[in-house]
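In this note's numbering, the protein residues as written are 5 to 288.
Backbone N, C-alpha and C fix where the C-beta goes; we use that ideal spot for every residue, glycine too.
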Amino acid sequence: MLKLHFNDSRQAPVWLVEERFTLGRDRRNDLMLEDVGVSAFHAEIRQDAGLYYISDCESELGTFVNDERIASRYQLRSEDRVRLGDVELLLVDPGKVTARAEAAQRWFLQVIQGEHEGKKFHVSGSMTFGRSVKCELCFSDAELSRRHCEFFLRDDVLEVKDLASANGVQVNGEKAAVAVLKPGDQLRMGSVVLLVIGPRVDAQTTEEENEDATVFVRAVDLPRPQAKPRPRSAGAATSTVNPLRVVAQAQAAPAPVARSGGALTFGLLALLLVAGVLGVVYLL
């Protein structure tokens with residue numbers, strides 16, 4: 005179940021318990037808003053299957069959700085901002101209030117120059133900054149617009165938005181319409197300078213991730229493996245000899261003619277040749 009909170013705390017929060025909940029300046033509405041910018045019957049919120057939808061009732065100045073003008077049956081969610089005239093409402097889911105409050109305690113705005121110098125403001129939800137007494141951060145600086153800018157914290161992220169101010173918003177010396185703020189940032193609006201105070205980012209995690217990162221080496225940089233020499237038998241010849249080829253060559257070669265001894269000389273030469281071939285085969 006959602007709850008409506010007033011940004012300017014003009015009255016207590018309102019639970020959305022009815023299936024049909026009307027808002028307007030007329031007393032017959034469920035929520036009467038006494039503001040000149042609010043029509044008699046300005047808008048209505050309906051529940052359907054556990055969801056909330058808001059519709060504009062043809063109001064003169066329109067109904068806005070998160071600064072966007074809506075027509076009919078626009079679904080509402082927790083943390084949405086509804087604006088009717090100059091009235092701003094924040095929808096809150098009570099089940100998430102604790103988590104949001106813990107995150108909100110981490111962000112502050114400290115005045116380091118101008119009115120209220122030295123004062124530190126705690127940022128929670130949506131907060132407007134300007135000269136209007138309806139702003140959560142009210143300053144009387146003549147260079148400020150009535151509603152100069154808005155700070156809003158969502159999911160532990162702090163942002164600032166310029167509300168079409170006359171002199172603009174500067175973040176770290178640069179003019180910005182919308183900006184995500186970080187701890188240590190400085191904002192200038194008119195003569196007021198604010199310092200953003202919030203959670204610090206721990207760089208130790210990044211260093212540890214770099215230490216554990218895998219280092220890849222190109223294959224071309226790696227030493228090439230050397231071929232191992234093939235073992236040789238003791239006494240083996242340098243080149244391989246095919247004994248069959250030797251016998252064939254011997255048979256093809258013409259028989260030497262002996263000057264003396266005739267057949268005996270030829271037989272001795274043949275025996276010596278065969279013995280040599282067999283010796284080579286044995287050694288291999």
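Classification of residue i by the beta-carbon crowding that lies within 10 angstroms, buried from 16 upward
i, result
"Val164", "buried"
"Leu191", "buried"
"Glu48", "buried"
"Asn70", "exposed"
"Gly202", "buried"
"Met5", "exposed"
"Asp52", "exposed"
"Leu80", "buried"
"Gln208", "Any reading at Gln208 must be qualified, since the residue scores a pLDDT of 39, below 50, and its modelled position is unreliable; no value is offered."
"Leu162", "buried"
"Gly239", "Low per-residue confidence applies at Gly239: pLDDT is 47, beneath 50, and the placement is therefore not dependable enough to give any value."
Residue i versus residue j: straight-line alpha-carbon distance, rounded
i, j, result
"Lys138", "Val91", "9 Å"
"Pro17", "Pro187", "31 Å"
"Phe112", "Glu140", "13 Å"
"Gly177", "His126", "23 Å"
"Leu73", "Leu198", "Note that residue 73 is Arg in the sequence shown, not Leu. Approximately 31 Å, taken between the alpha carbons."
"Tyr57", "Arg14", "24 Å"
"Glu64", "Ser76", "15 Å"
"Gly41", "Thr67", "11 Å"
"Glu156", "Arg32", "The question names Glu, but residue 156 is Phe in the sequence shown. If I take the Cα positions, the gap works out to 33 Å."
"Thr132", "Arg151", "7 Å"
"Glu38", "Val200", "35 Å"
"Val205", "Leu94", "Because the pLDDT of Val205 is 48, which lies under 50, any placement of that residue in the model is unreliable, and the question is left without a value."
"Asp166", "Val184", "12 Å"
"Ile116", "Val86", "32 Å"
"Lys179", "Gly54", "42 Å"
"His9", "Glu119", "28 Å"
"Ser130", "Glu62", "27 Å"
"Lys124", "Val173", "19 Å"
"Tyr78", "His46", "15 Å"
"Lys7", "Pro98", "7 Å"
Residue i vs residue j beta-carbon contact at 8 Å
i, j, result
"Leu27", "Leu20", "no"
"Glu147", "Ser195", "yes"
"Arg158", "Ser144", "no"
Nearest residue (CA-CA) to residue i, options the options
i, options, result
"Val96", "Tyr57, Glu83, Arg14 and Gly118", "Glu83"
"Leu88", "Gln79, Phe112 and Ser59", "Ser59"
"Ala170", "Asp160, Asn176, Ala181 and Val161", "Ala181"
"Ala168", "Val175, Asp160 and Ser149", "Ser149"
"Asp12", "Arg73, Ser128, Gln174 and Val115", "Ser128"
"Glu22", "Gln114, Lys123 and Arg50", "Arg50"
Rounded distance between the beta-carbons of residue j and residue i, thought under 8 Å
i, j, result
"Cys153", "Met193", "6 Å"
"Val175", "Asp189", "6 Å"
"Ala44", "Arg29", "5 Å"
8 Å Cβ cutoff, residue i in contact with chain C
i, result
"Met36", "The displayed structure is made up of one protein chain only, and chain C is not part of it."
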